[in-house]
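Single-structure report; data block below.
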Amino acid sequence: MENLIYQALKKEKSAIIEIKNFPNGGAASSYDLGYVLTQIIYRIGEKDFANILREIPKSERNEFEGLIAVGLEYGDNDYDGKMDNKKMGSEFPKLTEILNE
């Protein structure tokens with residue numbers, strides 16, 4: 178996972194797909210995986226992540242929306258010690274548009 182994150186921060190499309198597909202056991206672990214994705218988006222920027230998503234086949238995009246949504250809702254993206262309860266449409270409007278195509 179560490180290597181995938183490092184590659185994703187370098188905007189490697191294949192690493193981002195592999196993170197989405199990383200075996201996590203489901204349930205609450207999916208929230209953690211979603212949080213990892215939100216942190217990558219914040220670090221590389223929504224615009225660059227959106228450009229990467231556009232290059233990914235629609236069949237590979239399916240699970241991104243759910244993972245990012247739970248990462249925003251249950252993650253502590255502002256580091257204040259509390260779940261953020263952020264919504265994808267307002268936090269990442271470009272990504273929402275692409276994922277809803």
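The opening residue of the sequence shown carries number 178 in this note's numbering; numbering runs sequentially from there.
Note that beta-carbon positions come from the ideal geometry of N, C-alpha and C, so glycine has one too.
Within 10 angstroms of the beta-carbon of Ala205 lie fewer than 16 other beta-carbons, which makes it exposed. With at least 16 other beta carbons inside 10 angstroms of its own, Glu268 counts as buried. The alpha-carbon separation between Tyr251 and Ala192 amounts to approximately 23 Å.
For Lys259, there is no enclosing alpha helix (DSSP H), since its DSSP letter is neither H nor E. Shown here, Ile233 sits in coil according to DSSP, grouped into three states, outside any helix or strand. Assignment of Pro270 by DSSP, reduced to helix, strand and coil, places it in the helix class.
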